[in-house]
């Protein structure tokens, strides 16, 4: 027992000192432990719920903590003959933290809702009026998806892929889950954003990646990454230009890039579809939607979703809006997408495409636009005016070729003839018979699975491939060809794969109009052939790449 404070030999002990603390009984100790345990469990429950509000990048344990060679359970023999994938467990700053601080990603609206459900966004049932245009059976497959979360979508799918390994020594392909598009997008329009801000994360990522054993072994030729914005946002050649220089840094010289708009002169850029709102779980979901869009009675011959852009001189969209107005409501309907109207109201755009047999697809701010894929998922035939909007971009996904395969599913119109009034959209489209239109629409609907990203971790099943399956198959084929090429080499390490070089640190910049956008010049068409990779891909291999003078720059050519 403590001394009494009245004891004259010792001064009173200060409050809270051990001398004034009573010895706890066993019952009180047990009660305290129980209270602490309940509080701990409550905190864990709160954390668990918060982690599921927005998708974390750590959907599965890091490789070092897994007891199996296969991250997602044992696979049947031969199931992964195409190739085995290793997904890097990056430092959190390169993916997880970007999602955690999603409110900082866009200056105009919160990007957080679009990152729920692993980047698919909120269910479309929350979008006003959407349930009125989509059958109840298909509603679970539809989400309010933004056009820029592809890095999150593919990362989550690959983490759950049956052929993902936790042993890098077994891997045929290495995936780098850096959310480069989310990162640079947060610095493109900020008033105080600097070049250093736009480059910082990419520079740090490459410092980390180039020190990894697997990267050092191959130099990066068996690595691939997703870029969720157009390639020009990652190709800044000058300090006063647009975007970041991530894609043209030396560490990216050999890495294959899955990007929603590619540079057709760079064989390492692979154009992949923009994310749409349709994310089916199974092949049965896809077939149900295909039957629905084919059976629709469409009242519009053609439709156009877009906006006039006052900052563009002689904007081609003005021509198309006039064409629609001249055709009249009996043949054409347009939707004004100025500002964020179409982003805020997906119902209006989808209703337009579901009610149209054709949809006009000019270039967007760049050559491509998500609207192309929204149109095709709705079962409408796209009408194109630039080859680079589709034909030269998505060759792994859209059939094109010398035999005119693109005419099976699309219409191409001479934009100059249209601009000067030599032809009209109405006359051209009315020139197709009902039977021809039906065949084109059937071909478009047949292609839908390859243009969408399924929501199931196991894929669509039943032998049906979605956009990720197609992209992954193409990447693995590319890497197998490279391995065979290395096996045939008699001496020396594998050479870097590059597009064009002017010196040891950067690729050749295109001609600029002052804001780092490529200057469009008329001339002979130049593009990398569809899948003739032995001719179009391997000629870029160089054992030694000597510095070239800056005067050796080349310009992008247009179609």
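Numbering (the UniProt record's numbering), first residue to last: 1 to 559.
For each residue, glycine too, the CB sits at the ideal point set by N, CA and C.
From a predicted model like this one, the values you see are computed outputs, not experimental measurements.
Could you please give me the residues that DSSP links to residue i through a beta bridge?
{"i": "residue 356", "result": "300"}
{"i": "residue 269", "result": "257"}
{"i": "residue 142", "result": "278"}
{"i": "residue 411", "result": "383"}
Got a sec? Which residues, its chain only, sit under 8 Å from residue i by beta carbon, not counting five neighbours each side?
{"i": "residue 418", "result": "319, 323, 385, 424, 425"}
{"i": "residue 88", "result": "174, 175, 176, 177, 209, 212"}
What residue range is occupied by the uninterrupted beta strand (DSSP E) comprising residue i?
{"i": "residue 332", "result": "332-336"}
{"i": "residue 227", "result": "223-227"}
{"i": "residue 87", "result": "85-87"}
{"i": "residue 174", "result": "173-176"}
When every heavy atom of the ligand FMN is checked, does at least one fall within less than 7 Å of the C-beta of residue i?
{"i": "residue 197", "result": "This structure lacks the ligand FMN, and indeed carries no ligand of any kind."}
Can you tell me where the alpha helix (DSSP H) with residue i in it begins and where it stops?
{"i": "residue 180", "result": "180-185"}
{"i": "residue 149", "result": "Neither: residue 149 is in no alpha helix (DSSP H) and is coded neither H nor E."}
{"i": "residue 479", "result": "467-488"}
{"i": "residue 108", "result": "Residue 108 -> no alpha helix (DSSP H), and no H or E assigned at all."}
{"i": "residue 231", "result": "Counting along the chain, residue 231 falls outside any alpha helix (DSSP H), and DSSP gives it neither H nor E."}
{"i": "residue 196", "result": "195-209"}
{"i": "residue 214", "result": "213-218"}
{"i": "residue 373", "result": "371-377"}
Can you tell me whether DSSP reads residue i as helix, strand or coil?
{"i": "residue 396", "result": "coil"}
{"i": "residue 416", "result": "helix"}
{"i": "residue 362", "result": "coil"}
{"i": "residue 386", "result": "coil"}
{"i": "residue 312", "result": "coil"}
{"i": "residue 452", "result": "coil"}
{"i": "residue 130", "result": "helix"}
{"i": "residue 156", "result": "helix"}
{"i": "residue 423", "result": "coil"}
{"i": "residue 137", "result": "helix"}
{"i": "residue 123", "result": "strand"}
{"i": "residue 305", "result": "strand"}
{"i": "residue 403", "result": "coil"}
{"i": "residue 347", "result": "helix"}
{"i": "residue 165", "result": "strand"}
{"i": "residue 250", "result": "helix"}
{"i": "residue 238", "result": "coil"}
{"i": "residue 432", "result": "coil"}
{"i": "residue 191", "result": "coil"}
Quick one: is residue i buried, meaning 16 or more other Cβ sit within 10 Å of its Cβ, or exposed?
{"i": "residue 361", "result": "buried"}
{"i": "residue 86", "result": "buried"}
{"i": "residue 170", "result": "exposed"}
{"i": "residue 435", "result": "exposed"}
{"i": "residue 274", "result": "buried"}
{"i": "residue 129", "result": "exposed"}
{"i": "residue 126", "result": "exposed"}
{"i": "residue 279", "result": "buried"}
{"i": "residue 446", "result": "exposed"}
{"i": "residue 368", "result": "buried"}
{"i": "residue 430", "result": "exposed"}
{"i": "residue 215", "result": "buried"}
{"i": "residue 189", "result": "exposed"}
{"i": "residue 455", "result": "buried"}
{"i": "residue 165", "result": "buried"}
{"i": "residue 410", "result": "buried"}
{"i": "residue 416", "result": "exposed"}
{"i": "residue 209", "result": "buried"}
{"i": "residue 289", "result": "buried"}
{"i": "residue 101", "result": "exposed"}
Which residues in the same chain have their Cβ closer than 7 Å to the Cβ of residue i, if we skip the five residues on either side of it in sequence?
{"i": "residue 122", "result": "113, 116, 143, 144"}
{"i": "residue 226", "result": "150, 151, 154, 258"}
{"i": "residue 182", "result": "98, 105, 151, 228"}
{"i": "residue 561", "result": "In the structure displayed, the chain extends from 1 to 559; residue 561 sits before or after that span and is not available."}
{"i": "residue 464", "result": "283, 286, 449"}
What does a CB cutoff of less than 6 Å around residue i pick up in its chain, not counting 5 residues either side in sequence?
{"i": "residue 163", "result": "80, 84, 85"}
{"i": "residue 220", "result": "254, 255"}
{"i": "residue 186", "result": "104, 105"}
{"i": "residue 474", "result": "396"}
{"i": "residue 512", "result": "The predicted position of residue 512 is uncertain, since its pLDDT is 44 and thus under 50; a value taken from the coordinates is nonetheless stated next. So no residue of the chain qualifies."}
{"i": "residue 246", "result": "180, 202, 234"}
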